[in-house]
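One structure is given here, and the rest of the page talks about it.
There are 2 protein chains.
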Amino acid sequence: MGLAERKEREKAELKEMILQAAKKIMLKHGQEGLSIRKIANDIEYSPATIYLYFKDKDEILHELMELGFLKMNKYMTAAFAEGDAVQRIYLIGEAYINFGLENKDWYDLMFSSDKPMKHIEKCREDWDQGMMMFDFLANTCKEAINRLSLKSQDERILALQLWSCVHGLVMLAHSERIEIVEPNQKESLIKKTLDSMLVSIFDK
Amino acid sequence: MGLAERKEREKAELKEMILQAAKKIMLKHGQEGLSIRKIANDIEYSPATIYLYFKDKDEILHELMELGFLKMNKYMTAAFAEGDAVQRIYLIGEAYINFGLENKDWYDLMFSSDKPMKHIEKCREDWDQGMMMFDFLANTCKEAINRLSLKSQDERILALQLWSCVHGLVMLAHSERIEIVEPNQKESLIKKTLDSMLVSIFDK
DNA sequence: TTGTATACTAAACAGTGTTTAGTATATTTG
DNA sequence: CAAATATACTAAACACTGTTTAGTATACAA
């Protein structure tokens, strides 16, 4: 029966409207400025309606987070396609930082906020896209370790080391701490630091 | 006249009471759970009274942040006293991570939250304790670069590199992202990663 | 004693996430 | 076709948040 399908489609459409409104508001006013009431106002429904489509605000943030990973994948396509493992790590690092610097709110949702994953038992599947990225990096690290016969034997430690460095850089940039200790040269400083970090590891 | 002095002392005492209550509540309920009304309730004054002693909530958070730096200095005393520059960097790294892991709320206030420094023009003096720490690290890096004649010539880049790594580790631990990608071994994983990072730089 | 300055607060404003109870509308059933 | 039910939605409330305003007692000075 076509009626039930139409109903279902309309339900999905409103859910999508909510998500798109949430996205729009977050991009305009930041994650702090995103509220259920503003979404409701934007889509011209009452706040209570939103709770018929999402369990709570965290569920909305979680879906936005997943959109964030899609966005990040676009930054990564060139890097992922690179054949040489070490060069791939360089490109991933650059792309990661570019994404982080250019998409503060998305980045926060994906790598910093604990709001989109309150339910601790569920958080491993909630963050499966992040885990996939980490695993990909770890595999690339394994390749690099073998090719360069690095001292570092554990590829997951090396992956965590790389991730910490770029994550730290992005977070220090977001919280303006870099700007404080070294004013007016954030961009170039970050590039130099990323470079220094990769040279330390791979360029012996 | 002793009267004016007594008045002034009493004013300072209430200000201190507010700060101590804020500290107590933050330690019990986290930074999210700290509210003006809870402070007011705790010290048995009205919320409005607090605004006679502090401009706004951010000013309270800023003073808490400064207490955080005092706390961190205690973790650092042994490291700061170390004579050898490279060993000093190791000890600073360990102390930094220990402080970060054991004092999530304090750490957030000092290195992540932008709330205690909204006033962008003022934020360099607001964060002078952080800048002093960074400068100390950078000086230690300079010593280390000279002693080991490292390729890396810019000590402030190296300092930023080190800082990013430990900051990233602490933040990934706080946001449970480490626990997600590598469950049930956070502590040892962090120590191994810190070690790998320092070996990469200094142990060629 | 009068007048002013100080210390404090009740209440309100404008927000926040979320829930409950109730109302229209649309669909299904007798 | 009418009655019963299911669906979609919302007004209003609850319990919070930071902050401001206007007003009230109290303590001190003239």
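Chain order of the listed sequences is W and P.
So in our numbering, spot 199 of the first sequence is number 199, and the numbers just go up one at a time.
With the second sequence counted from 1, adding 1000 to any position gets you our numbering.
Cβ coordinates follow ideal geometry from the N, Cα and C atoms, glycine included.
Where residue i meets chain W, residues with beta-carbon distance less than 7 Å
i, result
"P:Thr1049", "Those within 7 Å of P:Thr1049 in chain W number zero; the least Cβ separation is about 27 Å."
"P:Val1181", "Met131 and Phe134"
"P:Arg1124", "Ile180"
"P:Ser1152", "Ser196"
Inter-residue CB distance, residue i and residue j (contact presumed, cutoff 8 Å)
i, j, result
"W:Tyr90", "W:Leu198", "6 Å"
"W:Lys38", "W:Ile25", "5 Å"
"P:Gly1083", "P:Leu1162", "The Cβ separation is near 19 Å, so there is no contact."
"W:Leu19", "W:Glu63", "6 Å"
"P:Leu1194", "P:Ile1097", "6 Å"
"P:Phe1099", "W:Arg177", "Incorrect: roughly 16 Å between the Cβ atoms, too far for contact."
"W:Arg6", "W:Ala85", "About 51 Å separates the two Cβ atoms, so there is no contact after all."
"W:Ser175", "P:Asp1114", "6 Å"
"P:Phe1202", "P:Ala1144", "7 Å"
"W:Met76", "W:Ala95", "5 Å"
"W:Asp42", "W:Ala21", "4 Å"
"P:Lys1023", "P:Leu1067", "7 Å"
Under 8 Å by beta carbon: chain W residues contacting residue i
i, result
"P:Thr1077", "The premise fails here: P:Thr1077 is roughly 22 Å from chain W at the closest Cβ pair, so nothing lies under 8 Å."
"P:Gln1161", "Cys165, Thr193, Ser196, Met197 and Ser200"
Per-residue contacts from residue i into chain P (C-beta, under 7 Å)
i, result
"W:Leu169", "Ser1164"
"W:Asp114", "Ser1175 and Glu1176"
"W:Trp127", "Ile1180"
Partner residues on chain P for residue i, Cβ-Cβ distance less than 8 Å
i, result
"W:Ile157", "Leu1189, Lys1192, Thr1193 and Ser1196"
"W:Phe99", "Those do not exist, as W:Phe99 stays about 15 Å from chain P at its closest Cβ, beyond 8 Å."
Interface partners of residue i on chain W, CB under 9 Å
i, result
"P:Phe1069", "What P:Phe1069 touches in chain W: nothing, since even the nearest Cβ is about 13 Å away."
"P:Phe1111", "Met171, Leu172, Ser175 and Arg177"
Contact test: residue i Cβ vs the ligand GTP heavy atom, cutoff 7 Å
i, result
"W:Asn41", "Of ligands this structure carries none, so the ligand GTP is not represented either."
Going residue by residue through the stretch 1144-1204 of chain P, where are the continuous alpha helix (DSSP H) segments of at least 4 residues, counting only ones entirely within it?
1155-1174, 1177-1181 and 1186-1202
Determine contact between the stretch 1156-1173 of chain P and the stretch 120-138 of chain W, defined as no fewer than three beta-carbon pairs at a distance below 8 Å.
no
Of all the alpha helix (DSSP H) runs that stay within the bounds of the stretch 1014-1046 of chain P, which reach a length of 4 or more residues?
1036-1043
Does the stretch 29-37 of chain W come within contact of the stretch 45-62 of chain W, defined as at least 3 CB pairs closer than 8 Å?
yes
Counting pairs of Cβ atoms below 8 Å between the stretch 1104-1116 of chain P and the stretch 1066-1082 of chain P, do you hit three or more?
yes
Mind listing, in chain order, the continuous beta strand (DSSP E) runs of no fewer than 3 residues lying wholly within the stretch 1090-1143 of chain P?
none
With a cut-off of 8 Å, do at least 3 Cβ pairs link the stretch 1181-1191 of chain P to the stretch 145-160 of chain W?
yes
At 4 residues or longer, what runs of the alpha helix (DSSP H) sit wholly inside the stretch 1039-1083 of chain P?
1047-1050 and 1057-1081
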